[in-house]
Amino acid sequence: MSTTAATVGTLADEHHHGPQAGLMRWLFTTNHKDIGTLYLLFSLLMFLVGGAMALVVRLELMHPGLQYVEPQFFNSMTTMHALIMIFGVVMPGAVGLANWMIPMMIGAPDMALPRLNNWSFWILPFAFSLLLLTLLLPGGGPAGGWTMYPPLMLQTQDAFPFVIFAVHLMGLSSVMGAINIIATIFNMRAPGMTFMKLPLFVWTWIITAFLLIAAMPVLAGAVTMLLTDRYFGTSFFNAAGGGDPVLFQHVFWFFGHPEVYILILPAFGIISQVIPTFSRKPLFGYTSMVYATAAIAFLSFFVWAHHMFTVGMPLTGELFFMYATMSIAVPTGVKIFNWIATMWRGSLTFETPMLFAVAFVVLFSIGGFSGLMLGITPADFQYHDTYFVVAHFHYVLVPGSIFALMAGAYLWLPKWTGHMYNETLGKLHFWLSFIFINVLFFPQHFLGLAGMPRRIPDYAVRFAEFNFISSLGAFAFGLSQLIFVYLVIQCVRGGQRATDQVWEGAEGLEWTLPSPPPYHSFTTAPVVR
Amino acid sequence: MNREQRNRRTALTLAAVALGMVGFGFLLVPLYDTFCDLTGLNGKTSVIAEESAVRLQGVGNRWVTVQLDASINDALPWHFYPVERRVRVRTGAISTIHYRARNQARHAVTGRAIPSMAPARAASYFNKIECFCFQEQTLAADEQRELSLRFIIDPELPLDLEVLTLSYAFFRVPGDTGAEVADEQGEDDDV
Numbered sequence: 002m003s004t005t006a007a008t009v010g011t012l013a014d015e016h017h018h019g020p021q022a023g024l025m026r027w028l029f030t031t032n033h034k035d036i037g038t039l040y041l042l043f044s045l046l047m048f049l050v051g052g053a054m055a056l057v058v059r060l061e062l063m064h065p066g067l068q069y070v071e072p073q074f075f076n077s078m079t080t081m082h083a084l085i086m087i088f089g090v091v092m093p094g095a096v097g098l099a100n101w102m103i104p105m106m107i108g109a110p111d112m113a114l115p116r117l118n119n120w121s122f123w124i125l126p127f128a129f130s131l132l133l134l135t136l137l138l139p140g141g142g143p144a145g146g147w148t149m150y151p152p153l154m155l156q157t158q159d160a161f162p163f164v165i166f167a168v169h170l171m172g173l174s175s176v177m178g179a180i181n182i183i184a185t186i187f188n189m190r191a192p193g194m195t196f197m198k199l200p201l202f203v204w205t206w207i208i209t210a211f212l213l214i215a216a217m218p219v220l221a222g223a224v225t226m227l228l229t230d231r232y233f234g235t236s237f238f239n240a241a242g243g244g245d246p247v248l249f250q251h252v253f254w255f256f257g258h259p260e261v262y263i264l265i266l267p268a269f270g271i272i273s274q275v276i277p278t279f280s281r282k283p284l285f286g287y288t289s290m291v292y293a294t295a296a297i298a299f300l301s302f303f304v305w306a307h308h309m310f311t312v313g314m315p316l317t318g319e320l321f322f323m324y325a326t327m328s329i330a331v332p333t334g335v336k337i338f339n340w341i342a343t344m345w346r347g348s349l350t351f352e353t354p355m356l357f358a359v360a361f362v363v364l365f366s367i368g369g370f371s372g373l374m375l376g377i378t379p380a381d382f383q384y385h386d387t388y389f390v391v392a393h394f395h396y397v398l399v400p401g402s403i404f405a406l407m408a409g410a411y412l413w414l415p416k417w418t419g420h421m422y423n424e425t426l427g428k429l430h431f432w433l434s435f436i437f438i439n440v441l442f443f444p445q446h447f448l449g450l451a452g453m454p455r456r457i458p459d460y461a462v463r464f465a466e467f468n469f470i471s472s473l474g475a476f477a478f479g480l481s482q483l484i485f486v487y488l489v490i491q492c493v494r495g496g497q498r499a500t501d502q503v504w505e506g507a508e509g510l511e512w513t514l515p516s517p518p519p520y521h522s523f524t525t526a527p528v529v530r
Numbered sequence: 072m073n074r075e076q077r078n079r080r081t082a083l084t085l086a087a088v089a090l091g092m093v094g095f096g097f098l099l100v101p102l103y104d105t106f107c108d109l110t111g112l113n114g115k116t117s118v119i120a121e122e123s124a125v126r127l128q129g130v131g132n133r134w135v136t137v138q139l140d141a142s143i144n145d146a147l148p149w150h151f152y153p154v155e156r157r158v159r160v161r162t163g164a165i166s167t168i169h170y171r172a173r174n175q176a177r178h179a180v181t182g183r184a185i186p187s188m189a190p191a192r193a194a195s196y197f198n199k200i201e202c203f204c205f206q207e208q209t210l211a212a213d214e215q216r217e218l219s220l221r222f223i224i225d226p227e228l229p230l231d232l233e234v235l236t237l238s239y240a241f242f243r244v245p246g247d248t249g250a251e252v253a254d255e256q257g258e259d260d261d262v
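If you're matching them up, the sequences are chains U and G in order. Take the first sequence: its letter number 281 is residue 282 in my numbering, and every next letter is one higher. Take the second sequence: its letter number 94 is residue 165 in my numbering, and every next letter is one higher.
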């Protein structure tokens with residue numbers, strides 16, 4: 002390891018082999034940039050697939066009554082939409098950014114375990130082909146909801162074992178990815194890159210990776226129990242054999258709640274990179290950000306039962322989970338205030354990544370507040386399983402996780418491709434997304450408060466107007482995303498050349514590399530002072 | 072230790088943690104059962120031996136109402152109902168109540184009754200000495216059976232609990248193939 006302040010890998014380093022030619026490059030690649038690209042493209046593709054399913058759902062819900070699809074197919078659309086968006090879009094999207102950015106941010110030549118990295122990605126296309134193909138099986142795809150509660154889930158027909166196996170594969174892929182990320186950050190940092198100098202995106206990923214390793218195997222266990230209950234005569238969740246279906250809810254949400262932070266913590270990390278860049282100020286309260294992230298992750302293991310307040314828990318249990326849930330608002334509040342304080346008296350400019358980041362702060366907070374409402378046990382008895390819950394988690398996931406991924410994509414696209422994206426199109430994409438995401442999800446709060454249940458293809462006529470508005474918002478939001486697809490293609494193919502630093506306020510090792518960075522970067526470690 | 076060895080060690084350690092967490096997922100099953108047993112949370116009533124029941128006897132002198140409820144899982148072709156819907160019983164006294172079950176299928180069927188008590192808080196004070204729910208019940212075709220339950224309510228039962236609801240759900244035992252066998256062989260498998 003060099004102790005001199007080495008320059009970055011430039012054209013001079015080209016005696017290293019470059020990428021292979023053709024398709025084989027992508028199949029056998031162990032390069033973190035290639036794998037990052039694969040993850041991101043896969044995520045984008047799945048975003049369109051899962052989005053199309055959401056549009057089927059919103060189409061059916063546009064008017065009361067049954068018009069376009071069978072209820073069974075409607076249910077499998079809601080189920081698949083959730084599984085695809087969670088495991089196929091947000092998680093691979095965040096892992097893709099981690100693959101691209103973490104080695105460049107910490108001054109490492111590549112990920113710690115490049116071959117494992119190739120595996121973790123290539124498992125995913127198989128897992129999702131398996132999941133999507135179940136739609137063609139007799140009895141259709143899974144329709145019991147992404148939470149897979151028994152006994153309903155056990156009534157899934159031929160698709161059942163395929164869904165379970167697909168979930169196993171997704172879990173395996175993300176655990177392998179998490180192991181790789183931790184090994185990279187722990188062992189591959191450049192000299193002088195101490196833990197408390199790591200960019201916040203890297204920090205949020207350390208914590209997310211630990212959550213993945215702790216939570217995903219529990220999901221694997223839970224779905225395995227479903228499988229043995231169905232085929233091998235066990236009775237984990239079967240009351241007739243002495244089991245208890247409520248037990249599944251406990252095991253599932255023991256995974257499920259950390260999972261929601263797996264979806265949002267990398268987003269926090271991205272926002273913590275974007276806001277300082279366009280405020281031209283260092284992040285306010287870096288240390289408190291690190292501790293707040295760790296606190297959120299720790300607390301996430303003690304709040305799972307707030308998803309199931311209505312199963313008939315004793316009062317003590319309800320109080321415990323209510324207070325534990327509420328306490329998560331404290332570290333989350335720390336983060337929100339730190340972002341605002343970073344912007345305070347900064348030299349702000351509003352390029353597309355910053356627009357998405359500011360929208361994230363505002364809209365994620367709305368989702369956070371409706372989450373607090375749901376966390377109040379007595380109120381939850383009214384809101385449980387209504388559209389209010391749907392509005393809540395879509396506000397934290399779409400203008401939350403998805404907007405953050407968009408912000409990250411716009412921030413780093415010039416670095417990845419070497420070309421500036423089309424700022425006008427980017428802004429158009431932002432404003433259409435921002436307006437229509439609210440048209441889409443805000444009315445769902447009112448629907449939920451008025452008592453419209455979730456996961457139904459038909460509803461009382463008094464809910465018609467808000468559903469109509471919501472569906473219009475959905476189509477407009479969905480179509481606006483095509484602008485992003487066009488913009489990415491345009492940016493990959495050409496455009497104004499990006500400088501190394503790209504953004505005036507950008508700081509960190511990744512911005513010292515050329516744009517686009519060479520295939521192998523930091524082959525000699527830089528020294529961080 | 073060079074970087075490659077360190078990477079390998081980190082990876083193996085973390086993989087072991089992940090495997091351990093799979094185990095933890097399964098460990099949640101006995102943990103949950105123990106937790107429910109200790110606290111009586113899921114309304115599962117307790118079981119006591121004859122001798123300990125005697126010790127509780129005659130201590131209390133409160134009258135409480137026990138409402139009896141019965142339900143049948145779809146897969147079980149039985150008729151199942153309590154003989155009396157409500158009984159008044161004294162705490163600290165052994166009482167007996169009856170349910171009736173009738174197999175309406177033309178073949179033997181095995182079922183198992185799962186109890187539940189509301190409010191769940193009362194479950195740990197409701198002690199069963201003998202219950203039809205302790206064993207699986209096999210009814211021959213058209214057989215009717217009186218199912219009895221002997222219990223004693225702990226005199227320590229909190230004062231605000233005056234009405235207890237005891238509910239039994241009868242399930243077909245998993246793997247009971249009576250129907251399929253019987254449909255082909257007639258009624259000679261009635262035992």
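Idealized CB from N, CA, C, for every residue including glycine. These numbers were taken from a predicted model, which means no experiment stands behind them.
Secondary structure remark: continuous alpha helix (DSSP H) runs of at least 4 residues inside the segment 90-117 of chain U, in chain order: 92-107. With fewer than 16 other beta carbons inside 10 angstroms of its own, G/L109 counts as exposed.
The beta carbon of U/P527 sits no closer than 9 angstroms to any beta carbon of chain G. Close partners of U/F249 in chain G (Cβ separation under 9 angstroms) are lacking, with about 10 angstroms as the shortest Cβ gap. Of the candidates U/F357, U/L426, U/Q156, U/F357 places its Cα closest to the Cα of U/V399. Contact between the segment 108-115 of chain U and the segment 179-190 of chain U is present: 3 or more CB-CB pairs across the two stretches fall below 8 angstroms. For U/Q158, the closest of U/M217, U/M47, U/L228 by C-alpha to C-alpha distance is U/L228. A straight line joining the alpha-carbon of U/L375 with that of U/L300 spans about 17 angstroms.
Among the bridge pairs identified by DSSP, U/T80 is matched with none. Proximity to U/S328 across U/I297, U/N181, U/M344, U/I337 peaks at U/I297, based on C-alpha coordinates.
When the beta-carbon positions are compared, U/M63 and U/N468 come within less than 9 angstroms of each other.
Contact with chain U is absent for G/C202, since none of that chain's Cβ atoms lies less than 9 angstroms from the residue's Cβ. Interface annotation for the segment 242-266 of chain U against chain G: G242, G243, G244, D245, V247, L248, H251, V252, F255, F256, criterion Cβ-Cβ distance under 9 angstroms. A distance below 8 angstroms between beta-carbons, with the five flanking residues on each side excluded, links U/P126 to the following residues of its chain, in chain order: F43.
For U/G244, no alpha helix (DSSP H) encloses it, and the DSSP letter there is neither H nor E. With a threshold of 16 other beta carbon atoms within 10 Å, U/P151 meets it and is buried. Residue state for U/N423 is assigned as coil, using DSSP reduced to three classes. Pairing U/V219 with U/L412 gives a Cβ-Cβ distance that is not under 9 angstroms. G/L220 is a Cβ neighbour of G/C204, given a cutoff of 9 angstroms.
Counting C-beta atoms within 10 angstroms of its own C-beta, G/V118 has fewer than 16 neighbours from the protein chains shown and is therefore classed as exposed. Shown here for U/L56: same chain residues with a beta carbon closer than 7 angstroms to its own, the five before and five after excluded, namely A475, F476, G479 in chain order. At a cut-off of 9 angstroms between C-beta atoms, U/M217 counts as an interface residue with respect to chain G. G/N174 and U/A330 have their alpha carbons spaced roughly 56 angstroms apart. Not flagged as an interface residue toward chain G: U/V203, since no C-beta distance is shorter than 9 angstroms. Taking C-beta atoms under 8 angstroms as the contact rule, U/V397 and U/G449 fail to qualify, at a distance of about 15 angstroms.
Between the beta-carbon of G/T136 and that of G/R159 there is about 6 angstroms, and that keeps the pair under the 8 angstroms contact cut. Around the C-beta of U/I182, 16 or more other C-beta atoms lie within 10 Å, and the residue is accordingly described as buried. The Cβ-Cβ distance between U/G89 and U/M171 falls below 9 angstroms. Boundaries of the beta strand (DSSP E) harbouring G/L235: 234-243, taken from the DSSP string. In the three-state DSSP reduction, U/T185 falls in the helix class (H, G or I). G/F242 sits away from G/A141, with the two beta carbons spaced by 9 angstroms or more.
Annotation for U/W417: the continuous alpha helix (DSSP H) segment containing it runs 404-418. Within chain U, the C-beta atoms nearer than 8 angstroms to that of G/T81 come from A113, I180, I183, A184, F187, N188, in chain order. In terms of CA proximity to U/S516, U/T500 leads the group U/S273, U/T500, U/G509. Pairwise C-beta distances place the segment 197-205 of chain U in contact with the segment 264-284 of chain U, as three or more of them are shorter than 8 angstroms. In this structure, DSSP gives U/N339 a helical state, which the three-state scheme calls helix.
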